[in-house]
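For reference, the structure discussed in these notes is given below.
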Amino acid sequence: MRLAASLSRVCPAALFSAAVFLVPACGDGSRGNRAARPVVRPANPARIRASPALLGYLDESGLPPRREGGTLRRRLIGDPATLNAVMQSGAPEQEVLQYVSRNILDFDSRMRLVPGLAESYTVSPDGRSFTFTIRKDARWEDGSPVSPADAVFTIRSIVDPKVPSPVFKSVFDGLLSVEASGDHSFTARFREPSAYRAMAFVLPVLPAHRFSGVDFLHAPGNRAPLANGPYRLASWRAQDEIVLERNPRAWGERGHFDRIVFKVLPEDAVSYRALVGGTVDETRLDTSGRERARSDRAFADCCRMVEYYDLGWNYIALNNKSPLFSNPAVRRALTMLLDRAGIVRGLFRGSARILSGPWAPDSPAYDPAVPPLPFNPRAASALLDAAGWRDSNGDGTRDRGGREFSFDLLVSSGTTTGRQIDETFIAELARAGIRARIRSLEWASFTERVDSGNFEAASLAWSASDPNPDPYPYWHSSQSPPQGLNSQSYRNDQADRLMESARREQNGERRLAIYHRLHRIFRDDAPVIFVATSSQKFGFRNRVRGLVTSPLGLFGIWPGPIGWWDADGQGQAVASPAARSGP
Amino acid sequence: MNALLSLAAPAARPRRAIPGSARVALAIVVLLWIVAALSPLASRRAADIRLNERLLAPSRAHLFGTDDLGRDLFARVVAATPISLAIGTTAAAVSVIVGFAIGAVAGWFGGMTDLLLSRAIEVVLCFPVLFLLLALAAFLPPSPATVILAIGLTTWPGDARFARAEILKARDLDYTRAARAAGATTSRILLRHLLPVAAPPLLVSAAFGVGWAILAEAALSFLGVGLPPPMASWGGILAIAPAYIDEAWWIALFPGLALFLTVAAYNLLAEGLRAATTEKVNR
Amino acid sequence: MTRYILRRLLLAVPTLAGIVVLVFFLLHLAPGSPMSAMGGDSGRRVSQRAAEEMRKIYGLDRPLPERFGRWVSRVVRLDFGESFVDRRPVLDRIEEALPYTLVLNGLALLLTLAIAVPLGVVTGGRPEGALDRASGALLFALYSLPAFWAALLLQALFSVRLRWLPLYGVVSDSPEGIGLADRASHLVLPVVCLTYGSLAFFARLIRASVAETRNADYVLAARARGLSRREALWKHAFRNALLPLVTLLGLVLPGLLSGSVIIERIFAWPGVGRLYFDSILSRDYPVVLALSLLGAVATLLLTLAADIASAAVDPRVRDGTLG
Chain Y
1 MRLAASLSRV
11 CPAALFSAAV
21 FLVPACGDGS
31 RGNRAARPVV
41 RPANPARIRA
51 SPALLGYLDE
61 SGLPPRREGG
71 TLRRRLIGDP
81 ATLNAVMQSG
91 APEQEVLQYV
101 SRNILDFDSR
111 MRLVPGLAES
121 YTVSPDGRSF
131 TFTIRKDARW
141 EDGSPVSPAD
151 AVFTIRSIVD
161 PKVPSPVFKS
171 VFDGLLSVEA
181 SGDHSFTARF
191 REPSAYRAMA
201 FVLPVLPAHR
211 FSGVDFLHAP
221 GNRAPLANGP
231 YRLASWRAQD
241 EIVLERNPRA
251 WGERGHFDRI
261 VFKVLPEDAV
271 SYRALVGGTV
281 DETRLDTSGR
291 ERARSDRAFA
301 DCCRMVEYYD
311 LGWNYIALNN
321 KSPLFSNPAV
331 RRALTMLLDR
341 AGIVRGLFRG
351 SARILSGPWA
361 PDSPAYDPAV
371 PPLPFNPRAA
381 SALLDAAGWR
391 DSNGDGTRDR
401 GGREFSFDLL
411 VSSGTTTGRQ
421 IDETFIAELA
431 RAGIRARIRS
441 LEWASFTERV
451 DSGNFEAASL
461 AWSASDPNPD
471 PYPYWHSSQS
481 PPQGLNSQSY
491 RNDQADRLME
501 SARREQNGER
511 RLAIYHRLHR
521 IFRDDAPVIF
531 VATSSQKFGF
541 RNRVRGLVTS
551 PLGLFGIWPG
561 PIGWWDADGQ
571 GQAVASPAAR
581 SGP
Chain G
1 MNALLSLAAP
11 AARPRRAIPG
21 SARVALAIVV
31 LLWIVAALSP
41 LASRRAADIR
51 LNERLLAPSR
61 AHLFGTDDLG
71 RDLFARVVAA
81 TPISLAIGTT
91 AAAVSVIVGF
101 AIGAVAGWFG
111 GMTDLLLSRA
121 IEVVLCFPVL
131 FLLLALAAFL
141 PPSPATVILA
151 IGLTTWPGDA
161 RFARAEILKA
171 RDLDYTRAAR
181 AAGATTSRIL
191 LRHLLPVAAP
201 PLLVSAAFGV
211 GWAILAEAAL
221 SFLGVGLPPP
231 MASWGGILAI
241 APAYIDEAWW
251 IALFPGLALF
261 LTVAAYNLLA
271 EGLRAATTEK
281 VNR
Chain P
1 MTRYILRRLL
11 LAVPTLAGIV
21 VLVFFLLHLA
31 PGSPMSAMGG
41 DSGRRVSQRA
51 AEEMRKIYGL
61 DRPLPERFGR
71 WVSRVVRLDF
81 GESFVDRRPV
91 LDRIEEALPY
101 TLVLNGLALL
111 LTLAIAVPLG
121 VVTGGRPEGA
131 LDRASGALLF
141 ALYSLPAFWA
151 ALLLQALFSV
161 RLRWLPLYGV
171 VSDSPEGIGL
181 ADRASHLVLP
191 VVCLTYGSLA
201 FFARLIRASV
211 AETRNADYVL
221 AARARGLSRR
231 EALWKHAFRN
241 ALLPLVTLLG
251 LVLPGLLSGS
261 VIIERIFAWP
271 GVGRLYFDSI
281 LSRDYPVVLA
291 LSLLGAVATL
301 LLTLAADIAS
311 AAVDPRVRDG
321 TLG
């Protein structure tokens, strides 16, 4: 279980363009509206590789020979609650829907926006209107064209207060209107301009004609979605198995497998066994799974490990409103009491990187020139002494003004890594005269406490499904609980001003410079303890080829898993490196 | 469930007062409490995290191997002994005391009181135990007291039903009537005359209850709603075992063995107690 | 007798009401909400606005007594509402999970009785015999063995090391037709784990009861009439043990159902136990309430059935002097 604030979809507005890419109309760059001001700046691919990555990115997409056919057996961590794209709320839904429903736009492996259902889009000069042109060959499973009306219906459903849409709701917070603007285009207008806005349209659409006259929340399509992607739903046995087959009406990119079978396997240890036993072809591995795989001959015979860094990272939030943690020097001291190098070596066996700021090192906003604070208990002790926290009553715990330095550290039960980091941490704190108690809560209670700011310290992880680095929603003082997601109630006037100006800044380079300045402030203020980013680990059966990893993961990109194929397949090898569209 | 076992199974009349197995069990229980008393000696070692010594197999340096943070597993199992024992005995005591009080009152007064209390007993008996435990764990901070309360509160109805039946039987016995005629107060009769009658079976039930409570605590910790780390009962150490079942079997084996041994000892002791007390009563 | 049954049924009403009120209010007052429970697997947090809207959609913005009133008024019409998680009728979800649990527990119970009854009668017929001593020690060991630990060890041995039995699940994923043997092999470990604990329980009970009556007058008389020792034991002594057995069954069945929560979790068994646990974690109020209520009804009915059976035999129970 990863705890996280999702960077992307919770963020209403963002003004950053480093990773935004104007979609070239397929093979025809001139289709874009001339009046539109392109929000162009191709992401710098070098940036992604620039940081000293331990683990390289994998790209097998050009690897011959590709084969067609066979069955891919994937693992789901839980049963999808729905296959209605608008109401989806978790990873299982996304992983299934990716095969069935195309997005309007997609991210490629370098975090650039690329065409999906839309062949192109334009942005109005005021930056508030987005007009998308839908591909003319895009078809639903029943043969009807994917129309602008479908997109309009989808977005209107998202903003409808009677529709629960936990993932997309906040992305469309500032929406003024959405309308069809031609036979193949629609326009969405927003209250404020935002360079990052286009990322909101990494969005699947619903077939409007299947929802007319039915109750949206209980539409039959919610459990039997109409496909417009390369696959369609063949069967769904709740809590057990979902089978997809090729969509005969598929257009655009096709998959290589004939069938995709998803097995619901909640436990990592169980799915590891299933992988080695050959009943699934891939599974996520946790750190212990990685260690096990390395020493397991059975794994070596059948499988390989795929490891990469994504945009997620771990941290220990300190409530800045608490008298214990209101002083930046104290927070710095706590950071210096956490032996992050030892944790990376011992707990992660090297497959992690220490952080100095609130972005993963693969994010362009991260400044590699800002070194993390060192592990230094002696210096930390001096800082605590100077801040007035001394053991004046001789009970072994520091105190100040009659208050002992002791606090509860919340952790979500079920995160092994989180607990291990916390236990290591509080042992070190105890040596420095600080008493911390671990309090593990199950997920629902945990998030409630964290979101409402009702905690002293909490162990968290951040996960991101898009590359938007805007820190405003998570670190600006106006976003403190209960309204915002700045759970630690961090406040620094200079940082506030920088975050505001970054949002206004239209120039990508200059905005990056502001983020780099902010990074230094975050490191020295230590609003939270930035711990590390650990690698994502997957085990794959050797026969599955064509994997492409990216900071957005194996699944958050296009074509992602649709580009995989079966190396042992009986099917015909296809010469062309890119599977092209059309029957 | 133990309460049920002692309640529902009328024991056969044994030949000996205390079976040999019970003596062995008693010896084991005494040994466990000695280990618990000595456990502070192991607490430093049990808390010593060494990330470069993770998951070491049992050896001379580490009798039971090391855990996922490089702590000595033997020291941890020893350090967990007083926690598991204390939780087990206290929870069983809570259950027996609450159960006897409620059951005795219901049995003695009868009528409306009995009707109401019997409904209360039934509510808890039919109440989804797991839900109650999770709800309590969510409401109260995870601590030994919470766990004791949660277990005690879910097991008392068995004892209460039992106490009620005993009191019902004894209420109409001659000496109870005599005591009442002599003007003894209700509480005096309950405590001085009826408690001794109900005590031996209650003791048996309590001994079974200890085993049950230790198991329940282990299951709670295993599900992640037990004691907060790094304070660890045997169940708490076991909770990490599934993740390492392939490469570190010792994490599953040794705390589990300790658990098994303790529960078995208490159950055997309870069975021995029952054998001894039923014979006395029957005589 | 009819009066007795009516009285018991009437008395069950306040008990049910108590359970329902307790579960309802505990559930709604417990920390966390369906909104805060979302994203447990992806780590996604729900924005304030989305959470507010969902609260309205679920009707959680209404005062607690009103929500309770609505729930009760629907439940008396046997409408349990729909799951917050996937918006399907609660009963559909329970219907899906129930067969799995029934198969698992039914088999476990049958196996328990199939072993416990003969074992109990034989050892009860010759208490302190060699078989009695040996089986007594073994049963005690089994009774003290934590089920989740046993499950772990069995998995490690039979599934991981020896690879004789599947690790988890209901069926294998072989695309070619799934046979009965495959399903059976998936049942072995969970059934064993569910069986061994209650086995001790039942065997000891029957043994005790048979041992008590084996020298009773009517059993001796039966033997004098020329019945063999075996016949006398089975026809008379065992019949006497049936009553407490039935009572115990009534008490133990609901325990079996809830006891399978851990086993269903370990063996990835999509039964009621897992549904219940998951629903508590995701704060799926309608499912938790329905399962709690149905569980309580089942318990009450089974106890009632057991009591009626006892009452039919033993007039003291009817008079309320016992039980």
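Quick mapping for you: the protein sequence lines, in order, are chains Y, G and P.
The letter at position 36 of the first sequence is residue 36 when you use this note's numbering, and the numbering goes up by one with no holes.
The letter at position 243 of the second sequence is residue 243 when you use this note's numbering, and the numbering goes up by one with no holes.
The letter at position 1 of the third sequence is residue 1 when you use this note's numbering, and the numbering goes up by one with no holes.
From the three backbone atoms N, C-alpha and C, an ideal C-beta is built for every residue, glycine too.
When the distance is taken between beta carbons, is residue j closer than 8 Å to residue i?
i: residue 266 (chain G); j: residue 207 (chain G); result: yes
i: residue 591 (chain Y); j: residue 564 (chain Y); result: Residue 591 (chain Y) falls outside the range modelled here, since chain Y spans only 1 to 583, and no answer is possible.
i: residue 387 (chain Y); j: residue 468 (chain Y); result: no
i: residue 249 (chain Y); j: residue 143 (chain Y); result: yes
i: residue 147 (chain G); j: residue 226 (chain G); result: yes
i: residue 37 (chain P); j: residue 300 (chain Y); result: no
i: residue 268 (chain P); j: residue 76 (chain Y); result: no
i: residue 67 (chain Y); j: residue 569 (chain Y); result: yes
i: residue 295 (chain G); j: residue 247 (chain G); result: Outside the displayed range of chain G (1 to 283) lies residue 295 (chain G), so it cannot be described from this structure.
i: residue 90 (chain P); j: residue 290 (chain P); result: yes
i: residue 311 (chain Y); j: residue 360 (chain Y); result: yes
i: residue 292 (chain P); j: residue 131 (chain G); result: yes
What residues in its chain sit with their C-beta under 6 Å from that of residue i, if we drop five residues either side in the sequence?
i: residue 59 (chain Y); result: 548
i: residue 270 (chain G); result: 204, 207 and 208
i: residue 51 (chain G); result: 70
i: residue 189 (chain G); result: 179
i: residue 307 (chain P); result: none
i: residue 45 (chain G); result: 72 and 75
i: residue 12 (chain P); result: 300
What distance in whole Å lies between the Cβ atoms of residue j and residue i, which are believed to be in contact at a cut-off of 8 Å?
i: residue 113 (chain P); j: residue 25 (chain P); result: Contact flag wrong, Cβ pair sits at about 39 Å.
i: residue 391 (chain Y); j: residue 433 (chain Y); result: 5 Å
i: residue 206 (chain P); j: residue 261 (chain P); result: No, residue 206 (chain P) and residue 261 (chain P) are not in contact; Cβ-Cβ is about 27 Å, not under 8 Å.
i: residue 499 (chain Y); j: residue 512 (chain Y); result: About 14 Å separates the two Cβ atoms, so there is no contact after all.
i: residue 303 (chain Y); j: residue 280 (chain Y); result: The pair is not a contact, with the Cβ atoms about 11 Å apart (cut-off 8 Å).
i: residue 405 (chain Y); j: residue 398 (chain Y); result: 4 Å
Keeping to the same chain, check which residues put their C-beta closer than 7 Å to that of residue i; ignore five residues upstream and five downstream.
i: residue 61 (chain P); result: 55
i: residue 126 (chain P); result: 132
Please indicate yes or no: does the CB of residue i lie closer than 7 Å to some heavy atom of the ligand PLP?
i: residue 516 (chain Y); result: Among the components modelled here there is no ligand, and therefore nothing to report on the ligand PLP.
Apart from the five residues just before and just after residue i, which ones in its own chain have a Cβ nearer than 8 Å to its Cβ?
i: residue 23 (chain Y); result: Because residue 23 (chain Y) carries a pLDDT of 27, less than 50, the predicted location of this residue cannot be relied on, and the following value inherits that uncertainty. Answer for residue 23 (chain Y): 105, 113, 114, 115, 118, 119, 120 and 121, listed in chain order.
i: residue 27 (chain Y); result: Its pLDDT being 29, under 50, residue 27 (chain Y) is placed unreliably by the model, and nothing is read from it.
Could you tell me whether the stretch 97–117 of chain P touches the stretch 257–274 of chain P, where touching means 3 or more Cβ pairs closer than 8 Å? yes
Count Cβ pairs between the stretch 83–101 of chain Y and the stretch 214–232 of chain Y that sit closer than 8 Å; are there 3 or more? yes
Secondary structure, beta strand (DSSP E): runs of 3+ residues fully inside the stretch 386–424 of chain Y: Those beta strand (DSSP E) runs which fall completely within the stretch 386–424 of chain Y and span 3+ residues are 406–412.
Any contact between the stretch 147–156 of chain P and the stretch 256–266 of chain G? By contact I mean 3 or more CB pairs, one from each, below 8 Å. yes
Mind pulling the alpha helix (DSSP H) runs of 4 or more residues that sit fully within the stretch 57–103 of chain P? Taken in chain order, the whole alpha helix (DSSP H) runs of length 4 or more contained in the stretch 57–103 of chain P are 64–75.
Examine the Cβ distances between the stretch 477–493 of chain Y and the stretch 373–383 of chain Y and report whether three or more of them are shorter than 8 Å. no
So does the stretch 189–209 of chain Y actually touch the stretch 145–162 of chain Y, counting three or more Cβ pairs closer than 8 Å? yes
What are the start and end residues of each continuous alpha helix (DSSP H) run of 4 or more residues lying completely inside the stretch 95–168 of chain G, in chain order? 111–126 and 129–139
Does the stretch 261–278 of chain Y come close enough to the stretch 103–110 of chain Y that 3 or more CB-CB pairs lie under 8 Å? Touching, no, given that fewer than three Cβ pairs across the two stretches are closer than 8 Å.
What are the uninterrupted segments assigned as alpha helix (DSSP H) that are 4 or more residues long and contained completely in the stretch 76–106 of chain Y, given in chain order? Every alpha helix (DSSP H) of 4 residues or more that sits fully in the stretch 76–106 of chain Y is shown, in chain order, as 91–100.
Would you call the stretch 97–116 of chain G and the stretch 153–164 of chain G touching, i.e. three or more CB-CB distances under 8 Å? yes
Residue ranges of each alpha helix (DSSP H) run of no fewer than 4 residues wholly in the stretch 182–250 of chain Y, ordered along the chain? Within the stretch 182–250 of chain Y, the complete alpha helix (DSSP H) runs of at least 4 residues are 208–211.
In chain order, each beta strand (DSSP E) run of at least 3 residues that lies wholly inside the stretch 309–371 of chain Y: 313–318 and 352–354
For the structure I just gave you, are there three or more beta carbon pairs, one from the stretch 486–497 of chain Y and one from the stretch 521–540 of chain Y, closer than 8 Å? yes
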